[in-house]
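Participant: Top to bottom, those sequences are chains G and A. With UniProt numbering applied, the first sequence has no gaps in its numbers, which climb one by one up to 275 at the end. With UniProt numbering applied, the second sequence has no gaps in its numbers, which climb one by one up to 240 at the end. No residue lacks a Cβ here, since even glycine has one placed at the ideal position from N, Cα and C. None of these values were measured; they are calculated from a predicted model.
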Amino acid sequence: MFRNQYDTDVTTWSPAGRLFQVEYAMEAVKQGSAAIGLRSKTHVVLASVNKANSELSSHQKKIFKVDDHIGVAIAGLTADGRVLSRYMRSECINYSYSYESQLPVGRLVVQLADKAQVCTQRSWKRPYGVGLLVGGLDESGAHLYYNCPSGNYFEYQAFAIGSRSQAAKTYMERKFETFTEASRENLIKDALFALRETLQGEKLTSSICTVAVVGIGEAFHILDKETVQALINEFEIAGEEAPADETAPQDQDGDAQPAAADQGPADQGVAPMDM
Amino acid sequence: MENSSYSLLSSEADSQRTLYPYVTGTSVIGIKYKDGILMVADMGGSYGSTLRYKSVERMKPVGKHSLIGASGEISDFQEILRYLDELTLNDSMWDDGNSLGPKEVHNYLTRVMYNRRNKFNPLWNSLVLGGVKNGQKYLGTVNMIGVHYEDNHVATGFGNHLARPILRDEWHENLSFEDGVKLLEKCMRVLLYRDRSAVNKLQIAKITDEGVTISQPYSLKTFWNFSAFQNPTVGAEGSW
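#1: So residue 73 of chain A and residue 107 of chain A are supposed to be a Cβ contact under 8 Å. How far apart are they, rounded?
#2: Can you list, in chain order, the residues of its chain whose CB lies under 6 Å from that of residue 32 of chain G, leaving out five sequence neighbours each side?
#3: Could you please give the first and the last residue of the uninterrupted alpha helix (DSSP H) stretch that includes residue 52 of chain A?
#4: Run through DSSP, which three-state label would residue 253 of chain G get?
#5: Which first and last residues belong to the alpha helix (DSSP H) in which residue 85 of chain G is found?
#6: So residue 96 of chain A contacts chain G; which residues on that side make the cut at Cβ distance below 8 Å?
#7: Per DSSP, residue 42 of chain A forms a beta bridge with which residues?
#8: Determine whether the beta carbon atoms of residue 98 of chain A and residue 107 of chain G lie at a separation below 9 Å.
#9: What in chain A is Cβ-close to residue 156 of chain G, meaning under 9 Å?
#10: Between the alpha carbons of residue 87 of chain G and residue 188 of chain G, how many angstroms are there, rounded?
#11: Any C-beta of chain G sitting closer than 9 Å to the C-beta of residue 58 of chain A?
#12: Using CA atoms only, rank isn't needed, just tell me which of A:165, A:228, A:216, A:158 is closest to residue 196 of chain A.
#13: Taking only three categories from DSSP, how would you classify residue 25 of chain A?
#14: Say whether chain G places a C-beta atom closer than 9 Å to the C-beta of residue 114 of chain A.
#15: Determine the closest residue to residue 171 of chain G out of G:159, G:230, G:129, G:11, with distance taken between C-alpha atoms.
#16: Taking 9 Å as the CB-CB limit, is residue 143 of chain A close to chain G?
#17: Would you say residue 73 of chain A lies against chain G (beta-carbon separation less than 9 Å)?
#18: Can you tell me whether residue 174 of chain G is helix, strand or coil according to DSSP?
#19: If I'm right that residue 131 of chain G touches residue 145 of chain G with Cβ under 8 Å, what's the distance once you round it to whole angstroms?
#20: Quick one: which residues of the segment 120 to 142 of chain G get their C-beta closer than 9 Å to a C-beta of chain A? List them in chain order.
#21: Ends of the alpha helix (DSSP H) at residue 104 of chain A?
#22: Kindly indicate if chain G contains any beta-carbon less than 9 Å away from that of residue 103 of chain A.
#23: For residue 50 of chain A, does the count of other Cβ atoms within 10 angstroms reach 16, so buried, or fall short, so exposed?
#24: Quick check: the Cα distance between residue 266 of chain G and residue 201 of chain G, rounded to an integer number of angstroms?
#25: Using a Cβ cut-off of 7 Å, pull out every chain G residue sitting near residue 111 of chain A, in sequence order please.
#26: Using 9 Å as the limit for Cβ to Cβ distance, is residue 254 of chain G near chain A?
#27: If you run the structure through DSSP and keep just helix, strand and coil, what is residue 161 of chain A?
#28: Where do the N-terminal and C-terminal ends of the beta strand (DSSP E) with residue 16 of chain G fall, by residue?
#29: With C-beta atoms as the reference, is residue 63 of chain G less than 9 Å away from residue 35 of chain G?
#30: So, at 6 Å on beta carbons, what are the nonlocal neighbours of residue 114 of chain A in its own chain, with the 5 sequence-adjacent residues on each side left out?
#31: Out of A:148, A:66, A:71, A:162, which has the shortest C-alpha to C-alpha gap to residue 87 of chain A?
#32: Using DSSP with H/G/I as helix, E/B as strand and the rest coil, what is residue 186 of chain G?
#33: Quick check: is any heavy atom of the ligand MG less than 8 Å from the C-beta of residue 218 of chain G?
#34: Cβ atoms of residue 142 of chain G and residue 40 of chain G: under 9 Å apart, would you say?
#35: Checking contacts by CB at 9 Å: is residue 134 of chain A closer than that to chain G?
#36: Going by C-alpha to C-alpha distance, which of G:192, G:215, G:148 sits closest to residue 204 of chain G?
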């Protein structure tokens, strides 16, 4: 995208019908470090790359527990991500208080999307510069959603956001049909494989990534370093082979889209809000 | 709105809050049975000691999965129905396949009742909330001070004193519909004999996974042919 006269504020349309400030916000998501999510019928796994600025500092926190049944992984302006996570936690706990039951994931993401939309239609605000992968469980099953700075949201079987996420998406595009019936262990391994793709040859260790799981009978929690490293060792020892596919590919979910909806760096003509 | 309530106990503020009920309904009883919940209430609305209104529907369906029964101030019950209407409307406007079950409605009502109690302006009711969602049966109660609990059988008002002892003895898991109705009618008959505000015109409601049915009003047969009632003045001839 080139600098032009229609991109100064979010309340100015371009002649081609685009809001450049919103598109620039989505650009910020692409610059953040990678985050991926995948789901089966019973579990959702979120994983992210956490690189520290220097050896002396700690890693950025990019995965947040929102409630026992929902977690979120972010990419982009992590400060914006923290604020939105706080909002999500607040909504979940208020719902629990009034209704003594868990907020359905689908309702939370709509509230989140509506909150993001407000910032695309006020002259004194700016869009949130963070993409959120919301993974959670409710009565209707396991869900994975992606929330955009534009105020759009989509449900996915598997998705990746942030820098070099296309590599992860390519891997997941090959394997996503096995995810629905995958076991918890294989789902986590697939997540780690996908994450490794975004590292472009750099060695995957538990110190540069974070993995979190939520499932039926399993509250959302971040896996500890030892567990993650053990899983990494397990498949690195086995060589380049991806984990065994247990069942024949089954296509069930009419709603879920394959992880191909993002755009490559060369896409300048297509308005990203058509995603 | 409440500028004049510098003290909640001053007489000016009194015109802003509920002090006593006017038109009241008496007991509601609810039980779990094999397929769901059975609830019964009579159709009386008393104005103090006068049995003034005799066609008051004190049980209403809520959303797809619940049934509410109320005793106490009828106008407050009507207000609660408006709250629930708004709640279920907003719930269905999400249009996302999720819906509020009886547990959620019960907890929402508990919050409403307790909050009003804290403001010294209660909704003068005792409510029974029952329902079935995804095969799971739920039966709970909440009253004007916010006390709430769930159980296999619940009742309000006099029902607590007269019906629940019968239910503690005779209720069991997986009652058939016929047995459930017989049990509730037995309780209502006792209440009819012993509760001054009971009227002999009642409705029974059932809620199952398929939905809500509220019966047409009907009356119970009563038995007055006790020997003590024949020649009642036999021991007191000549007296008042």
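Facilitator: Well, looking at it:
#1: Actually they are not in contact, since the Cβ atoms of residue 73 of chain A and residue 107 of chain A sit about 22 Å apart, beyond 8 Å.
#2: Excluding residues up to 5 positions away in sequence, 75, 76, 162 lie with their Cβ nearer than 6 Å to the Cβ of residue 32 of chain G in the same chain.
#3: Taken as a continuous stretch (DSSP letters only), residue 52 of chain A belongs to no alpha helix (DSSP H), being part of the beta strand (DSSP E) at 50 to 53.
#4: Because residue 253 of chain G sits at a pLDDT of 41, beneath the cut-off of 50, its placement in the model cannot be relied upon, and the point is left open.
#5: Residues 78 to 99.
#6: Close partners of residue 96 of chain A in chain G (Cβ separation under 8 Å): 104, 106, 107, 110.
#7: In the DSSP assignment, residue 42 of chain A is bridged to A:202.
#8: Yes. Within cutoff.
#9: Per Cβ cutoff of 9 Å: no residues; residue 156 of chain G is ~17 Å from chain A at best.
#10: Those two C-alpha atoms are separated by around 28 Å.
#11: False, the Cβ-Cβ gap to chain G never drops below 9 Å.
#12: Answer by Cα proximity: A:158.
#13: Residue 25 of chain A: strand per DSSP, three-state reduction.
#14: By this cut-off, residue 114 of chain A is not an interface position.
#15: Measuring C-alpha to C-alpha distances from residue 171 of chain G to each of G:159, G:230, G:129, G:11 identifies G:159 as the nearest.
#16: For residue 143 of chain A, the answer is no, since every Cβ of chain G falls outside 9 Å of its Cβ.
#17: Not closer than 9 Å to any Cβ of chain G, the Cβ of residue 73 of chain A fails to qualify, so no.
#18: Helix at residue 174 of chain G.
#19: Not a contact, Cβ separation roughly 11 Å.
#20: Here the close residues are 138, 139, 140.
#21: 102 to 118 is the span of the alpha helix (DSSP H), which, as asked, contains residue 104 of chain A.
#22: Closer than 9 Å: yes.
#23: Classification of residue 50 of chain A: exposed, given that the 10 Å Cβ count is below 16.
#24: Any answer about residue 266 of chain G is weak, because its pLDDT of 42 lies below 50 and its placement is not dependable; what the coordinates show is given next. Their backbone Cα atoms lie some 23 Å apart in a straight line.
#25: Going along chain G in sequence order, the residues near residue 111 of chain A (Cβ under 7 Å) are 98.
#26: Below a pLDDT of 50, predicted positions are generally treated as unreliable, and residue 254 of chain G, at 39, falls in that range; no measurement from the model is reported.
#27: Judged by DSSP in its simplified three-state form, residue 161 of chain A adopts helix.
#28: Annotation: residue 16 of chain G is outside any beta strand (DSSP E) and is labelled neither H nor E by DSSP.
#29: With respect to the 9 Å criterion, residue 63 of chain G and residue 35 of chain G are classified as neighbours on the basis of their beta carbons.
#30: Excluding sequence neighbours, residue 114 of chain A sits near 146.
#31: If we check each option's Cα against that of residue 87 of chain A, A:66 comes out closest.
#32: Correct three-state label for residue 186 of chain G: helix.
#33: No copy of the ligand MG occurs in the structure displayed, which carries no ligand at all.
#34: Between residue 40 of chain G and residue 142 of chain G, the CB-CB gap stays under 9 Å.
#35: Yes - at least one Cβ of chain G is within 9 Å of the one on residue 134 of chain A.
#36: The residue from G:192, G:215, G:148 with its alpha-carbon nearest to that of residue 204 of chain G is G:192.
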